[in-house]
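Note that the protein sequences, when read in sequence, are chains A and X. Counting the first sequence from 1 gives a position; my numbering is that position plus 23. Counting the second sequence from 1 gives a position; my numbering is that position plus 23. Positions of the beta carbon are idealized from the N, C-alpha and C atoms, including for glycine. One structure is given here, and the rest of the page talks about it.
Number of protein chains: 2
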Amino acid sequence: MTMIDTPTKRTASEEPATLVRRLAMDGRAAQRALAAMDSAARGTALHHAAARLRGDAESVLAANSLDLEAGRTNGLSDAMLDRLALDPERLEGVANALDRVADLPDPVGEIIDETTRPNGLALSQVRVPIGLIGIVYESRPNVTADAAALCVRAGNAVLLRGGSEAVHSNRAIHASLVAGLSEGGVPEAAVQLLPTQDRAAVGAMLKAAGLIDMIVPRGGRGLVERVQADARVPVLAHLDGVCHTYVHHAADPAMARKLVLNAKLRRTGICGAMETLLIDTRFPEAGGLVAALLDEGCAVRGDPRVQSLDPRVSAAGDADWGTEYLDAIVSAAMVDGLDEALAHIARHSSAHTDVIVTAHEAAAERFLAEVDSAIVMHNASSQFADGGEFGLGAEIGIATGRLHARGPVALKGLTTYKWLVRGTGQARP
Amino acid sequence: MTMIDTPTKRTASEEPATLVRRLAMDGRAAQRALAAMDSAARGTALHHAAARLRGDAESVLAANSLDLEAGRTNGLSDAMLDRLALDPERLEGVANALDRVADLPDPVGEIIDETTRPNGLALSQVRVPIGLIGIVYESRPNVTADAAALCVRAGNAVLLRGGSEAVHSNRAIHASLVAGLSEGGVPEAAVQLLPTQDRAAVGAMLKAAGLIDMIVPRGGRGLVERVQADARVPVLAHLDGVCHTYVHHAADPAMARKLVLNAKLRRTGICGAMETLLIDTRFPEAGGLVAALLDEGCAVRGDPRVQSLDPRVSAAGDADWGTEYLDAIVSAAMVDGLDEALAHIARHSSAHTDVIVTAHEAAAERFLAEVDSAIVMHNASSQFADGGEFGLGAEIGIATGRLHARGPVALKGLTTYKWLVRGTGQARP
């Protein structure tokens with residue numbers, strides 16, 4: 024892979040681990056200054072960054088054309104070129120997102136809990152920034168601005184490492200961001216872009232436990248898998264979104280059809296898209312439901328009972344039950360009641376988002392209680408699995424791990440807490 | 024190292040990774056049943072376990088004598104033998120702790136946050152158990168009961184791996200616990216003790232990402248360091264407690280003396296004991312403070328300015344500022360004001376517990392805001408760093424990492440959350 028270095032920032036002889044250590048130490052020092060700023064000042068600085076990005080539109084778009092040109096030369100797919108491409112409208116969208124994040128309520132300083140002990144010690148649990156966040160992402164240059172803004176809003180420094188194919192765009196956006204944030208008093212090292220595309224430097228980021236506090240990978244399965252496998256730093260991520268919709272026997276048929284079509288086909292490429300449909304054997308309109316998907320151009324891979332519903336259904340193999348298609352394909356199985364649906368989901372779900380459609384409240388509540396996924400829904404489309412739709416303002420990602428934060432992760436997930444103890448001279452007996 | 028197997032539970036040919044996978048799958052299945060029990064039933068089951076342990080006192084103490092005998096033969100130190108030893112009073116203490124945990128308020132089911140979106144979707148963030156917790160511990164057999172009880176109270180299954188020197192005690196306590204919990208309807212596999220002392224099995228636990236959800240090491244620095252270095256499963260722990268007390272120039276001298284003596288000497292072997300004393304150069308009674316420590320039998324290793332206060336002070340080396348003595352030894356430095364104290368702590372603290380003693384409110388508030396440790400105290404002894412003292416009822420440990428939970432970790436730290444979304448047929452536009 025090509026190494027693209029910025030000679031002013033890295034000497035040719037600097038080892039990846041040394042480079043990452045130096046950047047992390049700078050980032051951590053900047054984070055302390057950032058945390059000492061008040062919340063309004065961090066918000067204002069983000070507005071400056073948005074304004075600066077608007078002012079720099081011409082140079083950012085010029086940098087983006089270099090990436091697009093190189094991408095075409097290197098034979099990137101149309102889909103990848105589309106993810107890479109910026110235009111005035113998309114860039115305005117990125118600037119608007121900065122403004123929105125600037126205006127989000129700041130969770131830092133929130134008192135999560137407080138109590139006074141019988142001995143008079145006053146305890147409080149106060150929300151604080153995590154520290155230095157590493158973001159490892161692929162071709163979308165907007166992540167440079169989006170992820171950095173969320174980190175900064177919550178008082179974190181960030182070390183960004185974008186994809187090689189977007190290197191010029193990322194550098195231009197990063198330069199613009201840093202210039203704007205600086206106008207607002209944010210130290211330059213609060214938002215750093217790794218100045219090399221050397222893969223060993225990503226490896227060094229993943230190993231930098233104690234220097235980087237959390238890594239958020241943003242991109243496809245391959246990227247997330249590598250990050251999860253190699254990281255010694257805690258990772259906030261989801262690997263798959265194998266989302267299920269279970270149509271219970273007491274589902275309203277019209278609602279079931281609407282939700283199934285929406286969950287599968289509104290956008291097939293998002294992690295909240297349905298990948299497996301479970302139909303209760305007692306649901307009276309199974310055939311119509313499967314036909315509706317097929318009629319909309321969705322391929323259905325079914326178990327024998329689903330295959331018997333419609334000749335257009337192909338046979339599902341074992342691997343289908345764990346596959347995230349991200350395409351107009353769905354696996355579908357008939358299940359003999361709620362217990363079998365729960366067992367199928369417990370076995371195959373990636374713990375992202377699972378849905379029951381039913382008019383039967385007790386069945387819905389049991390499903391909500393027993394499905395152990397980050398998001399469990401009743402009578403809604405799984406495509407609502409999104410920080411914006413949850414009212415969080417924005418999201419750094421969706422997490423399917425069990426610790427720290429689950430589901431859509433926004434500003435609160437970019438914070439931790441500390442305990443403050445205020446005494447009047449208490450010694451422990 | 025000796026391998027002690029339970030042939031009924033493990034065939035000689037079972038590989039450590041296979042064994043751990045089998046136990047983890049059993050534990051996860053049991054956890055689902057445990058989570059489906061209501062909170063009162065889990066509490067009652069823990070009371071049964073306490074009663075059973077009281078009833079089994081004779082056999083547990085007999086098992087403990089076997090361990091003590093082996094320990095003496097193997098030349099364990101008196102301190103280690105003391106940690107290992109049970110007697111009727113200590114065992115009653117273990118049973119009482121089970122009763123206390125049984126009566127703790129259960130955090131599972133708590134609604135952390137809820138909101139209704141403009142489209143009518145009702146969102147709630149509900150506290151749920153983490154899943155399967157691995158506990159890796161050393162010689163204290165009471166951990167078998169204490170840690171298991173906390174996990175079960177919050178709906179988690181647990182896989183225990185105790186030290187070889189306590190193997191008979193741990194098996195006896197474990198058998199008693201499981202018998203008592205079973206009377207209360209808790210599946211046997213909810214609390215499992217690794218049936219081998221083979222170190223490779225601990226290694227397999229640490230690598231069991233996706234099977235074990237969190238590992239809590241309980242023991243000395245060596246154990247914690249190994250677990251942190253090798254684990255692929257998230258670890259909740261603290262490696263060191265290099266706790267600082269900063270005596271500000273505006274500290275009340277009598278209070279400073281009381282808190283410093285208590286923080287260092289009340290018990291020297293706990294992680295919340297002070298290890299470094301920072302004295303403001305403008306504090307008028309520095310000499311008296313250092314003399315008080317020396318007079319109480321504490322060795323003081325000082326920087327040149329502290330050495331000049333008393334001839335009994337020896338010279339601190341570079342390593343002293345990062346050393347957790349766990350003994351009647353303290354490192355001590357003079358600092359030129361709050362900024363220098365903050366810089367020293369930022370550089371050397373293990374982010375466990377740091378304290379300022381001052382009558383100056385603004386200095387105290389700056390210290391509380393800027394020291395980035397799990398616990399930051401004003402005018403109190405660092406020895407209060409303890410879940411019981413914090414009113415949490417009990418603690419599984421103290422965490423100095425930044426994610427999920429910090430400081431004393433009790434039941435809430437043994438839970439996570441999921442998002443429940445209740446709709447009425449909403450599809451995403």
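- Residue 390 of chain X is outside the set of residues whose beta carbon lies under 7 Å from a beta carbon in chain A.
- Across the region 207–238 of chain A, CB contacts with chain X closer than 7 Å involve 236, 237, in sequence order along the chain.
- Bounds of the alpha helix (DSSP H) holding residue 330 of chain X are 327–330.
- In this structure residue 76 of chain A is in contact with residue 203 of chain A, their Cβ atoms being roughly 7 Å apart against a cut-off of 8 Å.
- Within the same chain, 270, 309, 357 come within 6 Å of residue 302 of chain A by CB-CB distance, once the 5 residues on both sides are set aside.
- If you compare the alpha carbons of A:451, A:382, A:337, A:312 with that of residue 281 of chain A, the shortest gap goes to A:312.
- At a cut-off of 7 Å between beta carbons, residue 194 of chain X makes no contact with chain A.
- Straight across, the Cα-Cα distance linking residue 452 of chain A with residue 140 of chain A is about 14 Å.
- Residues 372, 374, 375, 376, 377 of the same chain have their beta carbon placed closer than 7 Å to that of residue 396 of chain X, with the five preceding and five following residues left out of the count.
- CA-CA distance, residue 400 of chain X to residue 257 of chain X, rounds to 28 Å.
- In the three-state scheme derived from DSSP, where H, G and I count as helix and E and B as strand, residue 406 of chain X is classed as helix.
- The Cβ atoms of residue 168 of chain A and residue 273 of chain A lie no closer than 7 Å to each other.
- Per DSSP, the unbroken alpha helix (DSSP H) holding residue 202 of chain X starts and ends at 190–206.
- The three-state secondary structure of residue 175 of chain A, taken from DSSP, is helix.
- Close to residue 404 of chain X, with beta-carbon spacing below 7 Å, are these residues of chain A in chain order: 449, 450, 451.
- Taking a contact as a CB-CB distance under 8 Å, the pair residue 107 of chain X and residue 94 of chain X counts as one, their CB atoms being some 6 Å apart.
- In the three-state scheme derived from DSSP, where H, G and I count as helix and E and B as strand, residue 241 of chain A is classed as strand.
- Closest in C-alpha terms to residue 326 of chain X, from the list X:320, X:315, X:317, X:354, comes X:354.
- Taking residue 295 of chain A as reference, the option from A:263, A:275, A:279 with the minimal CA-CA separation is A:263.
- Interface criterion not met: the Cβ of residue 152 of chain X is under 7 Å from no Cβ in chain A.
- Residues of the region 428–450 of chain X with a C-beta less than 7 Å from any C-beta of chain A: 429, 430, 439, 440, 441, 442, 443, 444, 445, 446, 447, 448, 449, 450, listed in chain order.
- For residue 420 of chain X, the beta-bridge partners assigned by DSSP are X:432.
- Residue 392 of chain A and residue 124 of chain X have their C-alpha atoms roughly 24 Å apart.
- Each residue's CA atom was taken as its position, placing residue 58 of chain A and residue 188 of chain A some 33 Å apart.
- Considering only X:97, X:398, X:132, the residue with the shortest C-alpha distance to residue 443 of chain A is X:398.
- Cβ atoms of residue 218 of chain X and residue 196 of chain X stay farther apart than 8 Å, at about 15 Å.
- For the pair residue 88 of chain X and residue 131 of chain A, the Cα-to-Cα distance works out to about 53 Å.
- Within the same chain, Cβ atoms closer than 6 Å to the Cβ of residue 62 of chain A are found at 129, the five residues on either side in sequence being excluded.
- Of the residues assessed, residue 421 of chain X falls on the buried side of the cut-off, its CB having 16 or more other CB atoms within 10 angstroms.
- Every alpha helix (DSSP H) stretch that sits fully inside the region 320–371 of chain A and reaches 4 residues is listed by chain position as 327–330, 361–371.
- Counting other Cβ atoms within 10 Å of its Cβ, residue 179 of chain X reaches 16 or more and is therefore classed as buried.
- Judged by DSSP in its simplified three-state form, residue 147 of chain A adopts strand.
- Under DSSP, residue 60 of chain A takes part in no beta bridge, so it has no partner.
- In the DSSP assignment, residue 446 of chain X falls within the beta strand (DSSP E) that extends over 438–449.
- Note on geometry: alpha-carbon atoms of residue 340 of chain X and residue 346 of chain X lie some 10 Å from one another.
- Taking a beta-carbon distance threshold of 7 Å, residue 407 of chain A counts as an interface residue toward chain X.
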